[in-house]
Each structure stands twice: as structure tokens, then as C-alpha cells.
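First up is the structure itself, then whatever we jot down about it.
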Amino acid sequence: MSETTIISLDQLRAGVILPSPIFDGQHENLLLIGKGVQVTQQNLNRLAARGVGSVAIESSYADQIRIPQGTSLNSIERILKPKPAYHSNKTLRTECPETSPLSQQINRPHTLEYDESCVTEFKAKRAAAGATLAHFLQNTESSGKREGRQIRGLAVDSIESLMIDMDLFVKLAIDPTELTDENSHCVRVSELAMAIAAVLEYSRSKIEELGVGCLIYKAAENRKVDRLSQQQNSSEKEPSGSQQNPHHLYEALEAITDLPIGARQVAYQIHERWDGSGSPRQRFGNQIHPLARIAGVADEYVALTTHQDHREAVEPYQAIEIMLDLARNRKFEPKVIKALLQAICLYPLGSYVQLNDGTIAIVVRTNLEAYDKPVVKMLYDSKGHKVSASSIDLSIVTRLHVSQAVDSGRVRNLSNGSSAFRENLLELEFAKC
49 MSETTIISLD
59 QLRAGVILPS
69 PIFDGQHENL
79 LLIGKGVQVT
89 QQNLNRLAAR
99 GVGSVAIESS
109 YADQIRIPQG
119 TSLNSIERIL
129 KPKPAYHSNK
139 TLRTECPETS
149 PLSQQINRPH
159 TLEYDESCVT
169 EFKAKRAAAG
179 ATLAHFLQNT
189 ESSGKREGRQ
199 IRGLAVDSIE
209 SLMIDMDLFV
219 KLAIDPTELT
229 DENSHCVRVS
239 ELAMAIAAVL
249 EYSRSKIEEL
259 GVGCLIYKAA
269 ENRKVDRLSQ
279 QQNSSEKEPS
289 GSQQNPHHLY
299 EALEAITDLP
309 IGARQVAYQI
319 HERWDGSGSP
329 RQRFGNQIHP
339 LARIAGVADE
349 YVALTTHQDH
359 REAVEPYQAI
369 EIMLDLARNR
379 KFEPKVIKAL
389 LQAICLYPLG
399 SYVQLNDGTI
409 AIVVRTNLEA
419 YDKPVVKMLY
429 DSKGHKVSAS
439 SIDLSIVTRL
449 HVSQAVDSGR
459 VRNLSNGSSA
469 FRENLLELEF
479 AKC
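Residue numbers (my numbering): 49 to 481.
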């Protein structure tokens with residue numbers, strides 16, 4: 049890129065037709081608006097909402113797009129205009145942090161790149177959470193009581209990570225993994241559920257309850273199964289279907305102390321379904337606790353994208369298609385499915401996509417109001433050649449859009465050789481015809 053000049057966003061002139069493309073002033077690989085496009089007030093508002101504070105343009109064109117000195121009314125109005133919080137449409141209110149929507153306390157990172165120190169920290173926390181949860185599941189006192197206090201600490205840690213970088217937090221939660229043990233499953237479900245609840249503007253305290261409920265529901269189920277196994281060993285009269293007895297599950301939850309009521313409801317109703325086809329009591333609609341509705345969606349998505357003994361994991365975008373189909377069949381509350389899309393994107397974070405110009409890219413960040421227009425990082429051009437790493441916000445660069453998702457395995461294979469890559473690109477183009 050030629051020599052550039054950084055211009056504050058409040059000095060960018062609305063109505064000007066750009067003589068040269070403009071890039072993020074803090075991240076000059078990120079194209080914001082292309083050459084020849086007229087800058088509208090809507091563009092400026094979107095950029096401000098995204099946290100863009102300045103733009104970069106080739107120095108020879110800087111004066112053409114900058115507001116002349118003395119013209120300050122528009123810039124003052126833009127500065128004073130409240131900026132929406134990340135993942136929130138509502139005006140900020142002065143409320144207690146524990147009861148106000150957590151979304152008001154989440155700050156979007158200034159860079160589109162993931163901070164490596166955060167990646168390391170988040171992964172370490174998740175590993176520790178799995179170990180703590182395993183200890184919780186395996187160590188039952190002779191009285192049968194378990195203290196839920198340590199599990200609440202795991203939920204608090206997760207909320208802190210979510211507030212630092214929600215996109216990275218969600219990406220790690222939904223990242224398909226070879227780990228299929230119950231501990232990692234519960235941790236992933238808990239994290240995804242908390243992110244969905246943040247989009248739905250739940251308070252920190254409610255999100256903590258949700259996280260705890262997702263973490264311990266397997267513990268309650270396992271205790272219930274252990275109890276039933278002992279009964280069946282002592283008496284063959286126990287009906288085979290008794291594992292679905294809601295009383296046993298309730299007793300198992302009662303054995304875990306220090307649990308908030310909301311967490312108990314989540315663990316008890318996570319398998320209930322919006323149409324009444326779930327378990328343990330076939331509740332439907334508003335009979336299901338609101339937090340349990342969120343937990344059910346998160347549990348289903350994580351299960352779909354995780355390898356099981358009886359089936360392979362599906363690609364993230366295929367899981368989204370399945371979730372949408374389940375919503376159409378009234379298995380899940382529609383607004384929770386929408387929040388899932390807003391939290392992870394229609395093409396989930398970390399997924400590979402092909403744009404309408406043939407470019408292959410990877411989804412790196414979400415857009416709350418336009419969950420089909422994520423921020424993507426360009427990888428290969430339409431001819432299969434690697435391109436310089438640059439990120440594009442598809443909600444701003446409107447000439448580009450996602451035409452289809454691409455299997456991750458195919459992209460990994462394609463990256464090994466350009467000739468194979470071109471052949472596969474031709475297959476993709478043919479499949480679109």
C-alpha cells in the first residue's frame with residue numbers, strides 16, 4: 049500500500065465519492081469501503097458501531113475526503129451521539145452490573161485479529177474447567193451430597209472471558225473437537241449458552257445461573273442413572289423406562305448444594321422441547337424455563353458438531369441448517385435460534401466460505417444485526433492463488449457476499465497444492481449451476 053494518511057472517523061465527509069479505497073486506521077489490512085463508493089451517513093454509523101475510530105487512505109486523496117476546517121457541526125453531533133454497545137441495540141442505562149444486560153459490559157476488541165495471549169488464556173481456562181468438572185463428577189461423598197460452589201466459579205471465569213472477546217470465546221466453544229467426553233461437552237454447552245443469553249440481553253447473574261446449570265446437568269443425570277442401577281441390581285421389578293422418571297432427576301439435583309434455582313431448572317429441563325416432545329415431563333412453550341430453552345439449543349448444536357460413537361460430527365454450517373429445520377418443526381423457540389445465529393453467525397465462526405467473486409475466506413467475526421454478513425479473512429482468489437491476509441466486513445463492502453459454505457476438510461486438502469485447489473474450485477462453481 050502507498051503512503052497513507054490516518055483520518056479520524058468524525059472528520060470523514062458524508063456524501064463524498066471515494067477516489068481511493070479506505071481502510072481501518074488501526075488495522076490497515078481491513079478494507080472498509082471501496083473506491084468509487086459514496087460515503088453515506090449510514091456507512092459512518094455502521095463504522096462507529098463497529099468500533100472504528102479512524103480510517104486510512106492514500107495520502108494524495110486525504111484532503112478530498114476530509115471535512116474542511118471550520119465545518120464541525122456534523123462531527124460534533126457524531127461524537128456526542130451514543131454508540132451502541134457490542135451485541136446490544138439499547139441505550140445504555142445506569143443499572144447495577146449484576147442486573148443490567150451483560151451485553152452492555154462487553155467491549156469489542158479494536159483489532160479483528162485474535163490476541164494470542166487471550167487464545168492461550170481461554171484454552172487454559174477451558175482445560176481447567178474440564179478437569180474441575182471431572183473431579184466434581186467423580187468425587188461423591190458418602191452422604192451423596194455435592195457442593196456446587198466450585199462450579200459457580202467456573203461460570204464466573206467464563207463470563208470474564210466472554211467480556212474480553214466474545215467472538216473468540218464463541219469460536220473456541222463451537223470449534224469442532226475430537227474430545228467427546230462429557231466434561232468437554234458440558235463446558236462447550238455452557239459457554240455457547242452464555243453467549244446466546246448475552247445476545248438476548250440477560251443479566252450477568254442470570255447468565256451465571258445458565259452456565260452453572262449447563263455444567264452440572266450431566267452430573268445430575270449420572271447420579272440418577274447410578275441410583276437406578278443400584279435399584280435394578282437389588283430388584284428386577286424396576287421398569288426399564290424408569291430412567292426417565294422425573295422424580296429421580298429431581299432428587300439427583302437436590303443432592304447438589306448451593307445451586308441457584310435457575311441453574312436447577314436448566315439442568316432439569318435442558319431436554320424439554322418447545323413442542324412438548326422432550327423430557328422429563330414433556331413441557332412445552334412457556335412452561336419451559338427461559339434459561340432451559342437456551343440451554344437446549346446450545347446442547348443440540350454442540351452435540352451435532354461433536355463426533356459420536358454412532359455418527360460423525362457434521363460441519364458447523366450443516367448444523368445450522370439442521371437447527372433451522374428443528375426450529376421450523378417447533379422443537380426450539382424461534383427467538384433463541386435467532387440469537388444463536390447472532391452469536392455464531394449463519395456461517396459459524398471459523399467456517400470457510402466462498403464469496404460471489406470466487407474468493408475463499410474464513411469467518412473471523414460476527415455482525416449482530418446482519419448475521420449473514422460476517423467479517424471474513426481472505427485466503428485464496430478465484431484461481432486458487434493465495435492472497436495477502438486481509439479482512440473484509442461484508443456488512444459494509446456490499447458488492448461482496450457469501451455464496452456458499454465450504455467444507456473445512458476440502459479447504460485443508462486444497463491448501464496442499466494449487467492444481468488440486470483449482471480443480472476443486474471448478475467443482476464448487478459447477479455445483480452452483
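By construction, the Cβ of each residue, glycine as well, lies at the ideal position given by its N, Cα and C atoms.
Check your understanding: Is it true that the stretch 250-267 meets the stretch 372-389, where meeting means three or more beta-carbon pairs spaced less than 8 Å apart?
Key -> no
Point to revise | Extent of the continuous beta strand (DSSP E) to which aspartate 72 belongs | key: Walking along the sequence shown from the start, residue 72 turns up at place 24. From DSSP, the beta strand (DSSP E) with aspartate 72 extends over 70-72.
Exercise for review: Identify whether alanine 104 lies in helix, strand or coil by the three-state DSSP scheme.
Suggested key: The residue labelled residue 104 in the question sits at position 56 within the sequence shown. Looking at alanine 104 - three-state DSSP - the assignment turns out to be strand.
Review point. By Cβ distance below 7 Å, which residues in the same chain neighbour serine 467 in space, the five residues on each side in sequence not counted?
Key: Counting from one through the sequence shown, the residue named residue 467 turns up at place 419. Only weak support is given to the placement of serine 467: the predicted model assigns it a pLDDT of 47, under 50, and the value that follows is read from those uncertain coordinates. Cβ neighbours of serine 467 beyond the five flanking positions: none.
**Study point:** Exposure of glycine 196, with buried meaning 16 or more beta-carbon neighbours within 10 Å
**Key:** If you number the sequence shown from 1, residue 196 lands on position 148. Buried, by the Cβ-count rule.
Exercise for review: Report the rounded CA-to-CA distance for leucine 80 versus isoleucine 444, giving the unit in angstroms.
Suggested key: Counting from 1 along the sequence shown, the entry for residue 80 is found at position 32. Counting from 1 along the sequence shown, the entry for residue 444 is found at position 396. Near 6 Å, if we compare the C-alpha coordinates of isoleucine 444 and leucine 80.
Check your understanding: Quick one: what does DSSP say proline 338 is sitting in, helix, strand or coil?
Key -> For the purposes of this step, residue 338 is identified with residue 290 of the sequence shown, where counting begins at 1. DSSP places proline 338 in helix when its eight states are reduced to three.
**Study point:** Rounded separation between alanine 62 and leucine 95 - CA only
**Key:** Reading the sequence shown from its first residue, position 14 is the one you call residue 62. Reading the sequence shown from its first residue, position 47 is the one you call residue 95. So the alpha carbons of these two residues sit roughly 12 Å apart.
Check your understanding: Looking at the structure shown, is aspartate 213 part of a helix, part of a strand, or coil, going by DSSP?
Key -> Here the question's residue 213 lines up with position 165 in the sequence shown. It is coil, neither helix nor strand.
Review point. Roughly how far, in whole angstroms, is the beta-carbon of valine 85 from the beta-carbon of leucine 57, given that I think they are within contact range, below 8 Å?
Key: If you number the sequence shown from 1, residue 85 lands on position 37. If you number the sequence shown from 1, residue 57 lands on position 9. So it is not a contact: roughly 16 Å between Cβ atoms.
Practice item. Select from Ala246, Lys173 and Phe170 the residue whose C-alpha is nearest the C-alpha of proline 149. Key: For the purposes of this step, residue 149 is taken as residue 101 along the sequence shown, with counting starting at 1. Among Ala246, Lys173 and Phe170, the Cα nearest to that of proline 149 belongs to Ala246.
Check your understanding: In whole angstroms, what separates the C-alpha of valine 401 from that of serine 451?
Key -> Here the question's residue 401 lines up with position 353 in the sequence shown. Here the question's residue 451 lines up with position 403 in the sequence shown. Roughly 8 Å between the two C-alpha positions.
Check your understanding: Between which two residues does the alpha helix (DSSP H) containing threonine 407 stretch?
Key -> In the sequence shown, counting from the first residue as 1, residue 407 sits at position 359. That residue, threonine 407, is in no alpha helix (DSSP H); it is neither H nor E in DSSP.
Practice item. Go ahead and pull the three-state DSSP assignment for lysine 434. Key: By 1-based counting over the sequence shown, the position of residue 434 is 386. If DSSP states are grouped into helix, strand and coil, lysine 434 belongs with the strands.
Check your understanding: Taking the alpha helix (DSSP H) that valine 445 falls in, what are its first and last residues?
Key -> The residue you call residue 445 lines up with position 397 of the sequence shown. It is not in any alpha helix (DSSP H) - valine 445 carries neither H nor E in the DSSP assignment.
Check your understanding: Are alanine 346 and leucine 248 touching if we call contact CB-CB under 7 Å?
Key -> By 1-based counting over the sequence shown, the position of residue 346 is 298. By 1-based counting over the sequence shown, the position of residue 248 is 200. No.
Check your understanding: Three-state secondary structure (DSSP) at aspartate 111?
Key -> Indexing the sequence shown from 1 puts residue 111 at position 63. Here aspartate 111 sits in helix by DSSP.
Check your understanding: Helix, strand or coil for threonine 168 per DSSP?
Key -> Position 120 of the sequence shown holds residue 168. In this structure, threonine 168 counts as helix in the three-state DSSP scheme.
Practice item. Go through its chain and collect everything with a Cβ distance to threonine 52's Cβ below 8 Å, but skip five positions before and after it. Key: Residue 52 sits at position 4 when you count from the first residue of the sequence shown. Counting only Cβ-Cβ distances below 8 Å, and skipping sequence neighbours, we find Phe71, Glu76, Ala104, Ile105, Glu106 and Ser107.
Review point. Tell me, which residues are paired with isoleucine 54 by DSSP?
Key: Position 6 of the sequence shown holds residue 54. In DSSP, isoleucine 54 forms a bridge with Ala104.
Check your understanding: Helix or strand or just coil, what does DSSP make of glutamate 76?
Key -> Stepping through the sequence shown from its first residue, residue 76 is reached at position 28. If DSSP states are grouped into helix, strand and coil, glutamate 76 belongs with coil.
Review point. So what's proline 396 in DSSP terms, helix, strand or just coil?
Key: Here residue 396 corresponds to residue number 348 of the sequence shown, with the count starting at 1. Residue state, collapsed to three classes: coil.
**Study point:** lysine 173 burial status per 10 Å Cβ neighbour count (16 or more: buried)
**Key:** Reading the sequence shown from its first residue, position 125 is the one you call residue 173. The residue is buried, with at least 16 neighbouring Cβ atoms inside 10 Å.
Check your understanding: Where does threonine 147 sit, in a helix, a strand or coil, going by DSSP?
Key -> For the purposes of this step, residue 147 is taken as residue 99 along the sequence shown, with counting starting at 1. Threonine 147 falls in the coil class under three-state DSSP.
Point to revise | Proximal residues to leucine 388 (C-beta, below 7 Å), its chain only, five neighbours per side dropped | key: Here residue 388 is taken as the residue at index 340 of the sequence shown, counted from 1. Closer than 7 Å at Cβ, skipping near neighbours: Ile244, Val345, Tyr349 and Met371.
Practice item. Just mark aspartate 215 as buried or exposed, buried being the case when its beta carbon has 16 or more other beta carbons within 10 Å. Key: Residue 215 sits at position 167 when you count from the first residue of the sequence shown. Label assigned to aspartate 215: buried.
Practice item. Look up proline 132 in the DSSP assignment and say whether it is helix, strand or coil. Key: Taking the first residue of the sequence shown as 1, we reach residue 132 at position 84. For proline 132, the predicted structure reports a pLDDT of 45, less than 50, and the residue's modelled location is therefore unreliable. The matter cannot be settled from this model.
**Study point:** Terminal residues of the beta strand (DSSP E) in which aspartate 439 lies
**Key:** Within the sequence shown, the letter at position 391 stands for residue 439. Per the sequence shown, the amino acid found at residue 439 is serine instead of aspartate. Unbroken beta strand (DSSP E) run through serine 439: 439-441.
**Study point:** Cut-off 6 Å between Cβ atoms - residues of its own chain near lysine 319, not counting five sequence neighbours on either side
**Key:** Numbered from 1 along the sequence shown, position 271 holds the residue referred to as residue 319. Looking at the sequence shown, residue 319 is not lysine but histidine. Result list for histidine 319: Gly326 and Ser327, in chain order.
**Study point:** Segment contact flag, the stretch 379-395 with the stretch 250-257, C-beta cutoff 8 Å, min 3 pairs
**Key:** no
Check your understanding: Smallest Cα separation from alanine 177: which of Gln356, Thr446, Val424 and Ile199?
Key -> Taking the sequence shown and counting its residues from 1, one reaches residue 177 at position 129. Cα-wise, what sits closest to alanine 177 is Ile199.
Practice item. Locate the alpha helix (DSSP H) running through tyrosine 365, then write down its first and last residues. Key: Along the sequence shown, read from residue 1 onward, the residue named residue 365 stands at position 317. It spans 364-376 - the alpha helix (DSSP H) in which tyrosine 365 sits, taken as one unbroken run.
Point to revise | Contact belief for valine 260 with proline 308 at Cβ below 8 Å, rounded distance in angstroms | key: Taking the sequence shown and counting its residues from 1, one reaches residue 260 at position 212. Taking the sequence shown and counting its residues from 1, one reaches residue 308 at position 260. About 7 Å separates the two Cβ atoms, so the contact holds.
Review point. What's the call for isoleucine 385, buried or exposed, on a 16-neighbour Cβ count within 10 Å?
Key: Mapped onto the sequence shown, residue 385 falls at position 337. Classification of isoleucine 385: buried, given that the 10 Å Cβ count is 16 or more.
Practice item. Going by DSSP, name the residue or residues bridged to tyrosine 428. Key: For the purposes of this step, residue 428 is taken as residue 380 along the sequence shown, with counting starting at 1. DSSP output for tyrosine 428 lists Ile408 and Lys434 as bridge partner(s).
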